[in-house]
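**Student:** Okay, here's the structure, questions in a sec.
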Amino acid sequence: MIAIQMTAQTSSTENVKTVKLRSAGSIIQNGTVKGYFNFYNVEKKDRKNNNYQLTITDENLREINSITITRPTTYLLVEGIFNGTSFGFLFFDQQKKSLELIAYDQTLKELGKVTKTLKNRQGYGTYMYMAQGNEMMTSVFIAVPNKGFLLYGIEDESKCDYEIEFYDNSMKRAWAIYGPKDEFDFENAVEGFQSDQYIGSIVMRRTALLDFNPEMDLLVVNTSDGKQLFRVPMETSKYKVALADLSFDAAKQQFTMFGEYFNKEDNSLKDPSQGFITVVLDMKGKVISEKVNSWKKEIAAKVPAKHKEAFEEKSILFHDFIRTADGDYFAIGEQYKKGGTPMTLKLNIYDMVILQFDANFAMKNVHVFTKEKSDFSIPGMAGMIGGSKMLSYFAKGYGGFDYAFSQVAADNNTFIINYVNFEREKGQKGKNQLGSIVYTPEKTFTVDKIDLVRKGSKYFVYRAKPGYVMISEYFEKEKRIDRRLEKINY
């Protein structure tokens, strides 16, 4: 492996065998990008072992430190993350049916590691699915800011009940919690939210593996010891709720749950939602208040006239949620619609959409930002996993949407949403463009687009220092990665 410092704000790495969506990331401290980590499978050490290169650069792509990690060829990198203090990496060993978790500090000194054997057949099958070149719909290895890491898995002595483990920055297990022994033999958990004091998980309860109409619970535990604060069904007296965002108000000692709502008889993974709901919970998970904004009434009334018909025909996947200093709340999403044929299923991706609510979650405005349609082909048997909503989660896990990232200013008054789209102009060759949707100090939106030169077979966009984005391209034939900082016009 050869790392080349080309010029300021560019770099290149050669002899890279494979690149995945989660092979690199921004190092963010106090909301500001301070650098990047890159973790790649590079040339083989010998017939039985691979070399992995972990490199840290500053915000200008200048290399700070680099180490080589040697592991058997049966190893697969599942995830690499940074929690503000430490780096954590999760490996899967196909031969030994085990996981290895490793932590490093910011000088790349190893802080600790732990090996975990996968005894549950379903748990092992999940990682073998990844070993075949697939991506998970949700992350299983989660950074807990400055404190450690969460690992979501399956309990060994169960059919398919969840196991949630918390590891500190030295990869010492601090606590673990498990699904209850009840009639639901298939209970899976994914991360829902984090605050300084609490961790929330969404629990999907099923009686059979292929039950695509699960019951949903919200589980909240203490970050310090994993002790359960409450576990409640994600519903009100009238509606089911699909969680999109959850926040904790320490002053009021209340949780605010925000998401789409459904009629009680609906399937929240397949059926269209009725709109958005805000539910306030007390410290025992009891509903204090709720407020709905329906698609047909409150939201429809704010959709610009020229977008109404198209808006009604499509669904929205929400990528991020931002609350500004004045209390307004923004839900950032992207329209999609299932297309293709049963044999060649696709998800068609359309415009960017921002729903704007006031501080009390009353509907304030709907902003639609037009872009070229793109599509994502649904591979293999994935089309059988459920309706278009499940397919949207699947596509997001593969990086199938155009949305790249959001960036909020330090004063919380403004923010930027970036996406990459393939623009087609009549009579001209299509080109990649970076679109930047800027919420200005005047509380209005502006849009800026710049052309991006794409030459590589894989293309990734990351957060960068103010005024830039970081572009990473993988050239499969040459086995090379080029990185550069691209100046943007805001």
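Its first residue numbered 903, the sequence shown is counted upward by one per residue in this note's numbering.
In this text, a Cβ means the ideal position worked out from N, Cα and C, and glycines have one as well.
Which residue or residues does DSSP assign as beta-bridge partners of residue 948?
**Tutor:** In the sequence shown, residue 948 corresponds to position 46, counting from 1. Paired residue(s): 951.
**Student:** Kindly indicate which residue of 1073, 1083, 1057 has the alpha-carbon position closest to the one of residue 1066.
**Tutor:** Taking the first residue of the sequence shown as position 1, residue 1066 is located at position 164. When only C-alpha atoms are compared, the closest one is 1057.
**Student:** Assuming residue 997 contacts residue 976 (C-beta within less than 8 angstroms), just tell me the rounded distance between them.
**Tutor:** Within the sequence shown, the letter at position 95 stands for residue 997. Within the sequence shown, the letter at position 74 stands for residue 976. Yes, residue 997 and residue 976 are in contact; Cβ-Cβ is about 4 angstroms, under 8 angstroms.
**Student:** Ends of the alpha helix (DSSP H) at residue 1356?
**Tutor:** Taking the sequence shown and counting its residues from 1, the one referred to as residue 1356 is at position 454. No alpha helix (DSSP H) holds residue 1356; DSSP gives it neither H nor E.
**Student:** Kindly indicate which residue of 922, 1276, 1026, 1080 has the alpha-carbon position closest to the one of residue 1333.
**Tutor:** On the sequence shown, position 431 is the one that residue 1333 refers to. Nearest of 922, 1276, 1026, 1080 to residue 1333, Cα basis: 1276.
**Student:** How long is the line joining the alpha carbons of residue 982 and residue 959, rounded to whole angstroms?
**Tutor:** Your numbering for residue 982 matches position 80 in the sequence shown. Your numbering for residue 959 matches position 57 in the sequence shown. Taking the straight line joining both Cα atoms gives about 15 angstroms.
**Student:** Going by C-alpha to C-alpha distance, which of 974, 1175, 1231, 1023 sits closest to residue 1142?
**Tutor:** In the sequence shown, counting from the first residue as 1, residue 1142 sits at position 240. Minimum Cα distance to residue 1142 is reached at 1175.
**Student:** Using beta-carbon positions only, say whether residue 1044 and residue 1010 come within less than 8 angstroms of one another.
**Tutor:** For the purposes of this step, residue 1044 is taken as the residue at position 142 of the sequence shown. For the purposes of this step, residue 1010 is taken as the residue at position 108 of the sequence shown. The answer is no: Cβ separation not under 8 angstroms.
**Student:** So, at 7 angstroms on beta carbons, what are the nonlocal neighbours of residue 1348 in its own chain, with the 5 sequence-adjacent residues on each side left out?
**Tutor:** Translated into positions along the sequence shown, residue 1348 becomes position 446. The answer, listed in chain order, is 1340, 1342.
**Student:** Look up residue 1300 in the DSSP assignment and say whether it is helix, strand or coil.
**Tutor:** Along the sequence shown, read from residue 1 onward, the residue named residue 1300 stands at position 398. Looking at residue 1300 - three-state DSSP - the assignment turns out to be coil, as it is neither helix nor strand.
**Student:** Return the CA-CA distance between residue 1173 and residue 1110, expressed in angstroms with no decimal places.
**Tutor:** Along the sequence shown, one-based indexing puts residue 1173 at 271. Along the sequence shown, one-based indexing puts residue 1110 at 208. So the alpha carbons of these two residues sit roughly 20 angstroms apart.
**Student:** Could you name the residues of the same chain whose beta carbon sits closer than 6 angstroms to that of residue 1239, not counting the 5 residues immediately before and after it, in chain order?
**Tutor:** On the sequence shown, residue 1239 is found 337 positions in, with the first residue counted as 1. Answer for residue 1239: 1216, 1250, listed in chain order.
**Student:** Using C-beta distances below 7 angstroms, list every residue in its chain close to residue 999, excluding the 5 sequence neighbours before and after it, in chain order.
**Tutor:** On the sequence shown, residue 999 is found 97 positions in, with the first residue counted as 1. Here the set comprises 1019, 1020, 1026.
**Student:** Check residue 1293 in the structure and name its three-state DSSP category.
**Tutor:** Here the question's residue 1293 lines up with position 391 in the sequence shown. If DSSP states are grouped into helix, strand and coil, residue 1293 belongs with the helices.
**Student:** In chain order, what residues of the same chain have a beta carbon less than 6 angstroms from the beta carbon of residue 940, not counting five sequence neighbours either side?
**Tutor:** Position 38 of the sequence shown, counting from 1, holds the residue named residue 940. The answer, listed in chain order, is 926, 957.
**Student:** When burial is assigned at 16 or more other CB atoms within 10 Å of the CB, is residue 1254 buried or exposed?
**Tutor:** Taking the sequence shown and counting its residues from 1, one reaches residue 1254 at position 352. With 16 or more Cβ atoms within 10 Å of its Cβ, residue 1254 is classed as buried.
**Student:** Using CA atoms only, rank isn't needed, just tell me which of 1236, 1125, 1307 is closest to residue 1098.
**Tutor:** Against the sequence shown, residue 1098 aligns to sequence position 196. Checking every option, the nearest Cα to that of residue 1098 belongs to 1125.
**Student:** How many Å lie between residue 1381 and residue 1034 at the Cα?
**Tutor:** The count along the sequence shown starts at 1 and reaches residue 1381 at position 479. The count along the sequence shown starts at 1 and reaches residue 1034 at position 132. Their Cα atoms are separated by approximately 20 angstroms.
**Student:** Scan the region 1177-1204 and note each continuous beta strand (DSSP E) run of 3 residues or more that stays entirely inside, going in chain order.
**Tutor:** 1177-1183, 1189-1196, all fully within the region 1177-1204.
**Student:** In angstroms with no decimal places, state the Cα-to-Cα distance between residue 1319 and residue 1303.
**Tutor:** The count along the sequence shown starts at 1 and reaches residue 1319 at position 417. The count along the sequence shown starts at 1 and reaches residue 1303 at position 401. Each residue's alpha carbon lies about 13 angstroms from the other.
**Student:** Drop a sphere of 10 angstroms on the beta-carbon of residue 1152, count the other beta-carbons inside from all chains shown, and report buried for 16 or more, exposed for fewer.
**Tutor:** Within the sequence shown, numbered from 1, the residue matching residue 1152 stands at position 250. With fewer than 16 Cβ atoms within 10 Å of its Cβ, residue 1152 is classed as exposed.
**Student:** Sort 1129, 1087, 1095 by Cα distance to residue 878 and report the nearest one.
**Tutor:** Residue 878 lies beyond the residue range present for the chain, which begins at 903 and ends at 1392; the question has no answer from this structure.
**Student:** Residues in its own chain within less than 6 angstroms of residue 1386 by CB, not counting five upstream and five downstream?
**Tutor:** Residue 1386 sits at position 484 when you count from the first residue of the sequence shown. Cβ neighbours of residue 1386 beyond the five flanking positions: 912, 1373.
**Student:** Just the Cα atoms here: how many angstroms apart are residue 1263 and residue 1170?
**Tutor:** On the sequence shown, position 361 is the one that residue 1263 refers to. On the sequence shown, position 268 is the one that residue 1170 refers to. C-alpha separation (whole angstroms): 22 angstroms.
**Student:** Quick one: is residue 1112 buried, meaning 16 or more other Cβ sit within 10 Å of its Cβ, or exposed?
**Tutor:** Working through the sequence shown from its first residue, we reach residue 1112 at position 210. By the 10 Å Cβ count, residue 1112 comes out exposed.
**Student:** Report yes if the C-beta distance between residue 1370 and residue 1389 is below 8 angstroms; otherwise report no.
**Tutor:** Along the sequence shown, one-based indexing puts residue 1370 at 468. Along the sequence shown, one-based indexing puts residue 1389 at 487. Yes.
**Student:** To which residues does DSSP link residue 1240 through a beta bridge?
**Tutor:** Sequence index remark: in the sequence shown, residue 1240 carries index 338 (1-based). Partner(s): 1249.
**Student:** For my contact list, residue 1073 and residue 1003 are in at a C-beta cut-off of 8 angstroms; report their separation, rounded to the angstrom.
**Tutor:** For this step, residue 1073 is matched to residue 171 along the sequence shown. For this step, residue 1003 is matched to residue 101 along the sequence shown. That pair is a contact at about 5 angstroms.
**Student:** Measure from the alpha carbon of residue 1036 to the alpha carbon of each residue in 989, 1095, 1298, then state which is nearest.
**Tutor:** For this step, residue 1036 is matched to residue 134 along the sequence shown. Of the listed residues, the one whose Cα sits closest to residue 1036 is 1298.
**Student:** Return the CA-CA distance between residue 1096 and residue 1102, expressed in angstroms with no decimal places.
**Tutor:** Within the sequence shown, residue 1096 is the residue found at index 194, counting from 1. Within the sequence shown, residue 1102 is the residue found at index 200, counting from 1. C-alpha separation (whole angstroms): 6 angstroms.
**Student:** Would you mind working out which of 1137, 1317, 946 sits nearest residue 1190, comparing C-alpha positions?
**Tutor:** Translated into positions along the sequence shown, residue 1190 becomes position 288. For residue 1190, the nearest C-alpha among the options comes from 1137.
**Student:** Could you please give the first and the last residue of the uninterrupted beta strand (DSSP E) stretch that includes residue 1005?
**Tutor:** For the purposes of this step, residue 1005 is taken as the residue at position 103 of the sequence shown. Element bounds for residue 1005: 1000-1006.
**Student:** Quick check on DSSP: helix, strand or coil for residue 1254?
**Tutor:** As a working mapping, residue 1254 is identified with position 352 in the sequence shown. Here residue 1254 sits in strand by DSSP.
**Student:** By a C-beta neighbour count over all protein chains shown, 10 Å radius and 16 as the cutoff for buried, is residue 1261 buried or exposed?
**Tutor:** Counting from 1 along the sequence shown, the entry for residue 1261 is found at position 359. Residue 1261 comes out exposed.
**Student:** Which of the three DSSP states, helix, strand or coil, is assigned to residue 1210?
**Tutor:** Numbered from 1 along the sequence shown, position 308 holds the residue referred to as residue 1210. Residue 1210: helix per DSSP, three-state reduction.
**Student:** Residue 1161 and residue 1146 look like a contact to me (Cβ under 8 angstroms); what is the Cβ gap, rounded to whole Å?
**Tutor:** Walking along the sequence shown from the start, residue 1161 turns up at place 259. Walking along the sequence shown from the start, residue 1146 turns up at place 244. Confirmed, Cβ separation roughly 4 angstroms.
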